[in-house]
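K.L.:
If you read the sequence shown in the working numbering, its first letter stands for residue 1243, the second for the next number, and so on. What follows is a structure written as structure tokens; I'll ask about it next.
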Amino acid sequence: MKLLLTGAAGFIGFHTARRLLERGDEVVGLDNLNDYYDPTLKEARLAILRGYERFSFEKLELADRPAMDALFARGGFQRVVHLAAQAGVRYSLTNPHAYVDSNVTGTLHVLEGCRYNKVEHLVFASTSSVYGANTRMPFTPHQHAEHPLSFYAATKKANEMMAHTYAYLYGLPVTGLRFFTVYGPWGRPDMALFLFTRNILAGKPIDVFNYGHHKRDFTYVDDIVGGVVAALDHPATPAADWNSDAPDPATSVAPYRLYNIGNNRSVELRRYIEVLEECLGRKAEMNLLPLQTGDVPDTWADAEDLVRDVGYRPDTPVEVGIKRFVEWYLDYYKDGGPAEPKVTNLG
């Protein structure tokens, strides 16, 4: 297939592009290469992708409507994987306009491009953050998620609603994927695992919020990619048994589906840190701090719909995933760790 993949120089986008290229798809990658975190890491990912014959790159802003219209008009894309977004919970507290530009306006331009250019299937990234104030776990896409706790989560929830309207109005098959705390090689420097590793190796303390009692469904990046690709290969269809008297948020009378992609287990943050200490052979000095504004205390994904509908189950334990991350980090940052990022995100 010929695919458009937005966010190609990002963490998940890079890994997804490689998987698609290695199976023989043609991938046009889009990214704006912004400086939310160190652009040299994005450039390094992009340099690897440029080594594939069937990869081409477009440096574009999602919010640039004429440029996006022109890209879709000449692209001839059969399917689209939309992973580009302004990420981060805490950055959204101080820079909300960036999230509207990228996540809302940008996603609208992707939806319009798909609508007018006969795209067969759009797969887009959502987030476990949309569950917000929900506490009944494991989280399932069949439960309503109407109380986001950060503006980032609100924009991603808006993406889900926008996508559903396009599926309903124009028959565009759309699948939304709620990612649960993604980690692994080539990850984002503002994420906790990156920051913990950098500080432990430098002999500096690490900030551990909610006094280390956070629980997260930590999901290794290869498991996320496996779910994205499997979902891409199964275009959404209307649910024959959808009931408007008791509407199911995960399905629709339109060709629309929502899935969780998570490891289907919840791990306490302190255990996550213990595994990292074991992999590094060093102990962490911890600053135990209260819960941060906008953070969800715990997450745990019910991913059984993904297993049933597309035949894929994430299963990498943190002991394996963190080891692989540390091996990559020590190889990539031979001369020292990355610069300190603007904000910290657990995810």
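Virtual Cβ for every residue (Gly too), placed ideally from N, Cα, C.
By the DSSP assignment, the alpha helix (DSSP H) with residue 1339 in it spans what residues?
P.N.:
For the purposes of this step, residue 1339 is identified with residue 97 of the sequence shown, where counting begins at 1. It spans 1338–1341 - the alpha helix (DSSP H) in which residue 1339 sits, taken as one unbroken run.
K.L.:
Count the C-beta pairs between the segment 1552–1566 and the segment 1420–1437 that are closer than 8 angstroms, then say yes if the count reaches three, no if not.
P.N.:
Segments in contact, yes.
K.L.:
Relative to the alpha-carbon of residue 1354, which residue among 1264, 1272, 1308 and 1255 has its alpha-carbon at the smallest distance?
P.N.:
On the sequence shown, residue 1354 is found 112 positions in, with the first residue counted as 1. When each option's Cα is compared against that of residue 1354, the closest is 1308.
K.L.:
Locate the beta strand (DSSP E) running through residue 1244, then write down its first and last residues.
P.N.:
For the purposes of this step, residue 1244 is identified with residue 2 of the sequence shown, where counting begins at 1. That run of the beta strand (DSSP E) goes 1244–1248.
K.L.:
In this structure, does DSSP put residue 1371 in helix, strand or coil?
P.N.:
Within the sequence shown, the letter at position 129 stands for residue 1371. In the structure shown, residue 1371 sits in a helix (DSSP, three-state: H, G or I).
K.L.:
I need the DSSP call for residue 1361, collapsed to helix, strand or coil.
P.N.:
Start at 1 with the first residue of the sequence shown, and residue 1361 comes out as number 119. Correct three-state label for residue 1361: coil.
K.L.:
Taking the runs of the beta strand (DSSP E) that are 3 residues or longer, which of them lie wholly in the segment 1285–1354?
P.N.:
If you keep only unbroken beta strand (DSSP E) runs of at least 3 residues inside the segment 1285–1354, you get 1297–1301 and 1321–1324.
K.L.:
With a threshold of 16 other CB atoms inside 10 Å of the CB of residue 1502, please say whether the residue is buried or exposed.
P.N.:
Reading the sequence shown from its first residue, position 260 is the one you call residue 1502. Residue 1502 is buried by the Cβ-count criterion.
K.L.:
Suppose the cutoff is 8 angstroms on Cβ atoms and the five residues either side in sequence are ignored; what does the same chain contact list for residue 1362 look like?
P.N.:
Taking the sequence shown and counting its residues from 1, the one referred to as residue 1362 is at position 120. Here the set comprises 1320, 1321, 1415 and 1477.
K.L.:
Only counting the same chain, and skipping five residues up and downstream in sequence, which positions put a Cβ closer than 8 angstroms to that of residue 1407?
P.N.:
Locating residue 1407 in the sequence shown gives position 165, where the first residue counts as 1. Around residue 1407: no qualifying Cβ.
K.L.:
Thinking just about the alpha-carbon of each residue, which of 1257, 1462 and 1443 is nearest to the one in residue 1288?
P.N.:
For the purposes of this step, residue 1288 is identified with residue 46 of the sequence shown, where counting begins at 1. Closest by alpha carbon: 1257.
K.L.:
Are the beta-carbon atoms of residue 1335 and residue 1504 separated by less than 8 angstroms?
P.N.:
Walking along the sequence shown from the start, residue 1335 turns up at place 93. Walking along the sequence shown from the start, residue 1504 turns up at place 262. The answer is no: Cβ separation not under 8 angstroms.
K.L.:
Return the chain-ordered ranges of every beta strand (DSSP E) run that is complete within the segment 1513–1540 and spans a minimum of 3 residues.
P.N.:
Runs found: 1528–1530.
K.L.:
If distances are taken between C-alpha atoms only, which option among 1412, 1459 and 1384 comes closest to residue 1485?
P.N.:
One-based indexing of the sequence shown puts residue 1485 at position 243. For residue 1485, the nearest C-alpha among the options comes from 1384.
K.L.:
Terminal residues of the continuous beta strand (DSSP E) containing residue 1420?
P.N.:
One-based indexing of the sequence shown puts residue 1420 at position 178. Run containing residue 1420: 1416–1421, per the beta strand (DSSP E) assignment.
K.L.:
If you draw a straight line from the C-alpha of residue 1401 to the C-alpha of residue 1255, how long is it?
P.N.:
Taking the first residue of the sequence shown as 1, we reach residue 1401 at position 159. Taking the first residue of the sequence shown as 1, we reach residue 1255 at position 13. In a straight line, the C-alpha of residue 1401 is about 18 angstroms away from that of residue 1255.
K.L.:
Just to confirm the assignment, what range does the beta strand (DSSP E) spanning residue 1270 have?
P.N.:
The residue you call residue 1270 lines up with position 28 of the sequence shown. First-last of the beta strand (DSSP E) with residue 1270: 1268–1273.
K.L.:
Is residue 1368 buried or exposed, if buried means 16 or more other CB atoms sit within 10 Å of its CB?
P.N.:
As a first step, residue 1368 is located in the sequence shown; it is residue number 126 there, counting from the start. The residue is buried, with at least 16 neighbouring Cβ atoms inside 10 Å.
K.L.:
Quick check on residue 1457: buried or exposed, where buried means 16 or more other Cβ atoms within 10 Å of its Cβ?
P.N.:
The count along the sequence shown starts at 1 and reaches residue 1457 at position 215. Residue 1457 should be labelled buried.
K.L.:
Which of the three DSSP states, helix, strand or coil, is assigned to residue 1446?
P.N.:
What you label residue 1446 is simply residue 204 of the sequence shown in a count that begins at 1. When secondary structure is reduced to three states using DSSP, residue 1446 falls in the coil class, being assigned neither helix nor strand.
K.L.:
Can you find the residues in the same chain that come closer than 6 angstroms, C-beta to C-beta, to residue 1571, ignoring five residues on each side of it along the sequence?
P.N.:
Working through the sequence shown from its first residue, we reach residue 1571 at position 329. Cβ within range, chain order: 1439.
K.L.:
Drop a sphere of 10 angstroms on the beta-carbon of residue 1533, count the other beta-carbons inside from all chains shown, and report buried for 16 or more, exposed for fewer.
P.N.:
Translated into the one-based positions of the sequence shown, residue 1533 becomes position 291. When all chains shown are included, residue 1533 counts as exposed.
K.L.:
Within a Cβ cutoff of 6 angstroms, which residues of the same chain sit near residue 1397, ignoring the five residues on either side of it in sequence?
P.N.:
The sequence position of residue 1397 within the sequence shown is 155, counting from 1. Correct list, in chain order: 1341, 1345 and 1346.
K.L.:
So is residue 1459 buried or exposed if we call it buried at 16+ other beta carbons inside 10 Å?
P.N.:
Position 217 of the sequence shown, counted from the start, is the residue given in the question as residue 1459. With 16 or more other Cβ atoms within 10 Å, it is buried.
K.L.:
Output the distance between the C-alpha atoms of residue 1324 and residue 1472, rounded to the nearest integer angstrom.
P.N.:
Within the sequence shown, residue 1324 is the residue found at index 82, counting from 1. Within the sequence shown, residue 1472 is the residue found at index 230, counting from 1. Taking the straight line joining both Cα atoms gives about 15 angstroms.
K.L.:
Helix, strand or coil: how does DSSP classify residue 1399 here?
P.N.:
What you label residue 1399 is simply residue 157 of the sequence shown in a count that begins at 1. Reduced to three states, the DSSP call for residue 1399 is helix.
K.L.:
Using the Cβ count rule (16 or more neighbours within 10 Å means buried), how would you classify residue 1488?
P.N.:
As a working mapping, residue 1488 is identified with position 246 in the sequence shown. That one is exposed.
K.L.:
How is residue 1561 classed by DSSP in three states: helix, strand or coil?
P.N.:
Within the sequence shown, residue 1561 is the residue found at index 319, counting from 1. Shown here, residue 1561 sits in a helix according to DSSP, grouped into three states.
K.L.:
Inspect the CB distances between the segment 1267–1284 and the segment 1296–1307 and report whether three or more fall short of 8 angstroms.
P.N.:
yes
K.L.:
Got a sec: is the Cβ-Cβ distance from residue 1300 to anything in chain C below 8 angstroms?
P.N.:
Considering every chain present, this structure includes no chain C. It has just one protein chain.
K.L.:
Residue range of the beta strand (DSSP E) that residue 1550 falls in?
P.N.:
In the sequence shown, the residue the question calls residue 1550 occupies position 308. First-last for residue 1550: 1546–1552, but that is the alpha helix (DSSP H), not the beta strand (DSSP E).
K.L.:
Just reading off the beta strand (DSSP E) that residue 1500 is part of, what are its end residues?
P.N.:
Here the question's residue 1500 lines up with position 258 in the sequence shown. 1498–1503 is the extent of the beta strand (DSSP E) around residue 1500.
K.L.:
By the 10 Å Cβ neighbour count, where 16 or more other Cβ atoms means buried, how is residue 1576 classified, buried or exposed?
P.N.:
Along the sequence shown, one-based indexing puts residue 1576 at 334. Under a 10 Å Cβ-count criterion, residue 1576 is classified as exposed, with fewer than 16 other Cβ atoms of the shown protein chains found around its own Cβ.
K.L.:
Strictly by DSSP, which residues pair up with residue 1543?
P.N.:
Numbered from 1 along the sequence shown, position 301 holds the residue referred to as residue 1543. Residue 1543 pairs with 1381.
K.L.:
Measure the Cβ-Cβ separation of residue 1248 and residue 1312 and say whether it is below 8 angstroms.
P.N.:
Within the sequence shown, the letter at position 6 stands for residue 1248. Within the sequence shown, the letter at position 70 stands for residue 1312. Cβ distance not < 8 angstroms, so residue 1248 and residue 1312 don't count as in contact.
K.L.:
Would you call the segment 1441–1452 and the segment 1519–1532 in contact, with 3 or more CB pairs under 8 angstroms?
P.N.:
yes
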